[in-house]
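When you line the sequence shown up against the working numbering, it's residues 1 to 242, in that order. Where is the CB? At the ideal position from N, CA and C, for every residue including glycine.
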Amino acid sequence: MKTVLDKERVAKHFGSCLETYEDNATVQQEISRQFFNLLSRHEISAFSRVLEIGCCTGFLTELICSAHVVKSIWLNDIVPEFCSITAERIKRNVKEIHLLPGDIEAQILPEGLDIVLSSSTFQWLQDLEKLFARIHGCLNEGGILAFSLFGPGTMEEIRSLTGRGLPYLEHSELQKITTAFFDLVHIHRERKRIYLPSVRAVLRHIRKTGVGDLAAPGGRFRNSESLKGSIEHVLKMISGFR
1 MKTVLDKERV AKHFGSCLET YEDNATVQQE ISRQFFNLLS RHEISAFSRV LEIGCCTGFL
61 TELICSAHVV KSIWLNDIVP EFCSITAERI KRNVKEIHLL PGDIEAQILP EGLDIVLSSS
121 TFQWLQDLEK LFARIHGCLN EGGILAFSLF GPGTMEEIRS LTGRGLPYLE HSELQKITTA
181 FFDLVHIHRE RKRIYLPSVR AVLRHIRKTG VGDLAAPGGR FRNSESLKGS IEHVLKMISG
241 FR
């Protein structure tokens with residue numbers, strides 16, 4: 001699927017939350033735990049040469065590298081500082097750590113990989129089908145691509161107010177793209193909700209996790225105050241207030 005995203009803007013938003021992402025990305029961390037447990041359940045053990053796409057602060061990376069013998073790992077993130085943070089986090093567990101910062105769609109991928117991992121990242125890419133073709137060519141025979149991503153319905157409350165949101169892949173389309181290059185071992189869908197106490201808390205959460213720029217320009221709100229006012233208006237209507 002091809003979409004139009006301003007990658008520099010995406011990098012800027014995520015780069016602005018270097019110090020706040022880890023403590024606020026609770027859903028992403030929960031997904032990473034489930035991701036790790038799923039890999040363990042399928043008894044996947046080939047982790048000698050690993051590429052992680054969208055490593056962020058290294059939460060998933062640390063789980064993997066603490067449980068498996070990883071000889072070489074390539075760390076990618078659109079925010080270069082996240083690659084460095086993750087490398088520091090796993091340096092005691094991995095002998096060879098290679099940093100691959102920047103847009104993964106513009107990078108030369110390492111070859112001879114055993115597994116490619118990615119959690120909560122692929123929804124930000126322009127052409128997932130093209131990337132999957134490249135990944136397929138970089139994996140050893142029997143190599144694995146394991147990933148999670150957000151789908152339709154993500155932050156739908158904000159989308160309904162702003163008219164903005166990523167063009168998430170439908171389940172059927174994602175499955176079609178994946179099976180064009182890989183044998184499908186497991187697929188799972190789940191809806192997760194978080195509850196925040198106020199409109200201000202919603203806006204704070206968005207800012208501190210870097211997801212404030214969910215789509216290309218063209219939304220109806222210019223700043224957080226106008227969005228805050230609209231959210232409050234909708235909440236009052238739902239609650240029966242005027």
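Reduced DSSP secondary structure (H/G/I, E/B, other) of residue i
{"i": "His68", "result": "coil"}
{"i": "His188", "result": "coil"}
{"i": "Ile97", "result": "strand"}
{"i": "Val116", "result": "strand"}
{"i": "Leu128", "result": "helix"}
{"i": "Leu203", "result": "helix"}
{"i": "Glu22", "result": "helix"}
{"i": "Leu169", "result": "coil"}
{"i": "Ile194", "result": "coil"}
{"i": "Leu5", "result": "coil"}
{"i": "Ile44", "result": "coil"}
{"i": "Gly218", "result": "With a pLDDT of 44 at Gly218, under the threshold of 50, the modelled position of that residue is not reliable, and no figure is offered here."}
{"i": "Ile238", "result": "For Ile238, the predicted structure reports a pLDDT of 38, less than 50, and the residue's modelled location is therefore unreliable. A value from the coordinates is still provided. Note: Ile238 maps to helix in three-state DSSP."}
{"i": "Val10", "result": "helix"}
Host beta strand (DSSP E) of residue i (start-end)
{"i": "Gly142", "result": "Leu139 to Ser148"}
{"i": "Glu52", "result": "Arg49 to Ile53"}
Residue i, enclosing alpha helix (DSSP H) - first and last residue
{"i": "Ile108", "result": "Premise fails: Ile108 is in no alpha helix (DSSP H) and is neither H nor E."}
{"i": "Leu38", "result": "Thr26 to Arg41"}
{"i": "Ile85", "result": "Pro80 to Ile90"}
Cβ-Cβ separation, residue j to residue i (assumed contact under 8 Å), whole Å
{"i": "Ser92", "j": "Thr61", "result": "It should be pointed out that residue 92 corresponds to Arg in this sequence rather than to Ser. Not really, about 13 Å apart at Cβ, beyond 8 Å."}
{"i": "Pro101", "j": "Asp77", "result": "6 Å"}
{"i": "Ile31", "j": "Ser120", "result": "6 Å"}
{"i": "Leu139", "j": "Glu105", "result": "Not confirmed; about 17 Å, so no contact."}
{"i": "Glu52", "j": "Leu75", "result": "6 Å"}
{"i": "Ile73", "j": "Ile108", "result": "So it is not a contact: roughly 16 Å between Cβ atoms."}
Exercise for the section: Mind the definition here: the stretch 3 to 16 touches the stretch 32 to 40 only if three or more C-beta pairs lie below 8 Å; say whether that holds. Expected result: no
Exercise for the section: Please confirm if the stretch 78 to 88 is in contact with the stretch 50 to 70, defined as three or more CB-CB distances below 8 Å between the two stretches. Expected result: yes
Practice task
Could you say if the stretch 139 to 148 and the stretch 106 to 123 meet the contact criterion of at least three C-beta pairs nearer than 8 Å?
Solution key: yes
Practice task
Decide yes or no for the touch test of the stretch 171 to 185 against the stretch 15 to 28: beta carbon pairs closer than 8 Å, at least 3 of them.
Solution key: no
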